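Trainee: Adding 1400 to a residue's 1-based position in the sequence shown gives its number in the numbering used here.
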Amino acid sequence: MSAELAFNRNIDVDYGVAENIAPGIRRIVAQNPGPYTFLGTNTYLVGDSEVAIIDPGPQDETHLEAIARATRGQRVSHILITHSHRDHCDGARPLQRRLGGEIVAYGPTGTERGAVAPGLGDGFIDSAFQPDVPVTDGDTIKANGFALDVLHMPGHAPDHLCFALIGERTVFTGDHVMGWNTTVIAPPEGNMSAFLNSLDRLSQRYDKVFYPGHGGRIETPRRVVRAYLTHRTWREQTILACIDEGVNTIPRIVARLYGGLDTNLKVAAALSVLAHLQFLTERGIVTPEGAAEGLSAFYVRAASGSESAFSSSPA
Ligand SMILES: [Zn+2]
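Here you go:
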């Protein structure tokens, strides 16, 4: 197993330009590059006469103007939101005021939102976000000329949806599977057990292309999903190995495993380690000790824990 997943990060973007990426699919990249967003958020326009906008992106006037320009003369039927992180959904209402279209998303989950880390908190989430039309797994969104299946894929966020273009073996994956990096799982917003379960479901489909929320298209979807699963198995094993050597607090595990990482990304790394430790705890393999749970606990092997870590399903 390898530590790193291979991604093609050599992509050029022309911010504000609607690029034809497949028949009936265009992409406009928002100019919000950053450590968590790569070159920016991808906004997809699906359809010809009628158009669904997937992830309007941040509230950025230049980006919203680019979407308005690209859809001139077309009817916007839907504004679809993969999940209520601000870099995906903040533009939804301002865009709707300009172009119309029903805002469609999973809606409130009733679960605890945010990330337990200083400096991260819940600023990246719009926890008050409300769609016009809440949808869930198995629903279909129909417009003139195309239809999309709704897949509820929690893990990165509890309300995360993917949209599968019916008849095209094409899925818009949001941040569930990305084209440039592994997905951040930051508890309680992120949940490792749910994430792996969602990946497993995606690996059982026969799609030919994924269009992620950040980064370029993924042309080998099953391979990438399996690589994501393998990467998580490998990461879990390295965390267990740390604990067995007495490196058993999150800061020490992060220092050991992510020594070279930039301070900014170390927060995400700490949350990812926490997500793994919670998943190991759920299965009775490790136990948190000490006064506090979460980031300040230390972890030991559970007395009754089974040796086996999770393994992704074959094929
Ligand atoms: Zn996100």
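C-beta atoms are modelled at their ideal positions from N, C-alpha and C, and glycine is treated no differently. These figures come from a predicted structure and were not determined experimentally.
Regarding H1485 and ligand 1, is the C-beta to nearest heavy atom distance less than 7 Å?
Mentor: Yes, Cβ of H1485 sits closer than 7 Å to a heavy atom of ligand 1.
Trainee: Under the three-state reduction of DSSP, which class applies to R1409: helix, strand or coil?
Mentor: R1409 falls in the coil class under three-state DSSP.
Trainee: With a 10 Å radius around its C-beta and 16 neighbouring C-beta atoms as the bar for buried, classify P1389 as buried or exposed.
Mentor: Residue 1389 falls outside the range modelled here, since the chain spans only 1401 to 1715, and no answer is possible.
Trainee: Three-state secondary structure (DSSP) at N1597?
Mentor: Reduced to three states, the DSSP call for N1597 is helix.
Trainee: Quick one: what's H1400 bridged to in DSSP?
Mentor: Residue 1400 is absent from the structure shown; the chain starts at 1401 and stops at 1715.
Trainee: Answer yes or no: do D1460 and G1491 have a C-beta to C-beta separation smaller than 8 Å?
Mentor: Yes, Cβ-Cβ distance for D1460 and G1491 is below 8 Å.
Trainee: Closest to A1675 by C-alpha separation, out of M1592, Y1699, G1613, would be which residue?
Mentor: Checking every option, the nearest Cα to that of A1675 belongs to M1592.
Trainee: Which residues share a DSSP beta bridge with G1574?
Mentor: Partner(s): P1612.
Trainee: Compute the Euclidean distance between the alpha carbons of A1403 and H1556, then round it to the nearest angstrom.
Mentor: Any reading at A1403 must be qualified, since the residue scores a pLDDT of 47, below 50, and its modelled position is unreliable; the value itself is stated next. When rounded, the distance between both Cα atoms is 20 Å.
Trainee: Taking 7 Å as the cut-off, does the CB of D1575 come closer than this to any heavy atom belonging to ligand 1?
Mentor: True, at least one ligand heavy atom lies under 7 Å from that Cβ.
Trainee: Taking the C-alpha atoms as reference points, what is the distance between V1667 and P1587?
Mentor: Using only the alpha carbons, I get a separation of about 12 Å.
Trainee: Where does A1403 sit, in a helix, a strand or coil, going by DSSP?
Mentor: For A1403, the predicted model reports a pLDDT of 47, less than 50, meaning its position is unreliable and no value from the coordinates is stated.
Trainee: Any heavy atom of ligand 1 within a distance shorter than 7 Å of the CB on A1594?
Mentor: Result no, Cβ not under 7 Å from ligand 1.
Trainee: Tell me P1423's beta-bridge partners as DSSP assigns them.
Mentor: According to DSSP, which records beta bridges pairwise, P1423 is partnered with nothing at all.
Trainee: For a test of your reading of the model: does the CB of H1463 fall under 7 Å from any non-hydrogen atom of ligand 1? Yes or no.
Mentor: Not under cutoff, so the answer is no.
Trainee: Quick one: what's got a C-beta closer than 7 Å to I1650's C-beta in the same chain, skipping five residues either side?
Mentor: A1670, V1673, L1674, L1695.
Trainee: Alpha carbon to alpha carbon, what distance is there between S1598 and H1463?
Mentor: Taking the straight line from one Cα to the other gives about 31 Å.
Trainee: Within 7 Å: the Cβ of A1430 and any heavy atom of ligand 1?
Mentor: Checking the Cβ of A1430 against ligand 1 gives no.
Trainee: Indicate, with yes or no, if ligand 1 has a heavy atom lying under 7 Å from the CB of A1492.
Mentor: No.
Trainee: Within a Cβ cutoff of 7 Å, which residues of the same chain sit near A1468, ignoring the five residues on either side of it in sequence?
Mentor: R1498, L1499.
Trainee: Can you tell me whether P1588 is helix, strand or coil according to DSSP?
Mentor: If DSSP states are grouped into helix, strand and coil, P1588 belongs with the strands.
Trainee: Under a three-way DSSP split, which group does T1462 fall into?
Mentor: Here T1462 sits in helix by DSSP.
Trainee: Below 7 Å, is the gap between the Cβ of A1557 and the nearest heavy atom of ligand 1?
Mentor: True, at least one ligand heavy atom lies under 7 Å from that Cβ.
Trainee: Measure the Cβ-Cβ separation of G1579 and G1523 and say whether it is below 8 Å.
Mentor: Taking 8 Å as the Cβ cut-off, G1579 and G1523 do not qualify as a contacting pair.
Trainee: Do three or more CB pairs link the region 1603–1617 to the region 1530–1543 at distances below 8 Å?
Mentor: Touching, no, given that fewer than three Cβ pairs across the two stretches are closer than 8 Å.
Trainee: Excluding the 5 residues flanking A1470 on each side, which residues of the same chain have their C-beta closer than 8 Å to its C-beta?
Mentor: Only A1418, R1426, I1428, L1445 meet the Cβ criterion.
Trainee: Applying the 10 Å Cβ sphere with the 16-neighbour rule, what's the burial state of P1531?
Mentor: Buried is the call here.
Trainee: Just to confirm, are G1545 and E1645 a CB contact at a threshold of 8 Å?
Mentor: The answer is no: Cβ separation not under 8 Å.
Trainee: Which of the three DSSP states is assigned to L1671 in this structure?
Mentor: Of the three classes helix, strand and coil, the one that applies to L1671 here is helix, per DSSP.
Trainee: On a CA-only basis, which of R1656, E1589, D1448 is nearest G1473? Give me that one, please.
Mentor: Of the candidates R1656, E1589, D1448, the one whose C-alpha sits nearest the C-alpha of G1473 is D1448.
Trainee: With DSSP collapsed to three states, give me the class of D1644.
Mentor: If DSSP states are grouped into helix, strand and coil, D1644 belongs with the helices.
Trainee: Check whether the Cβ of Y1658 lies closer than 8 Å to any Cβ atom in chain B.
Mentor: Among the chains of the structure shown, chain B does not appear; only one protein chain is present.
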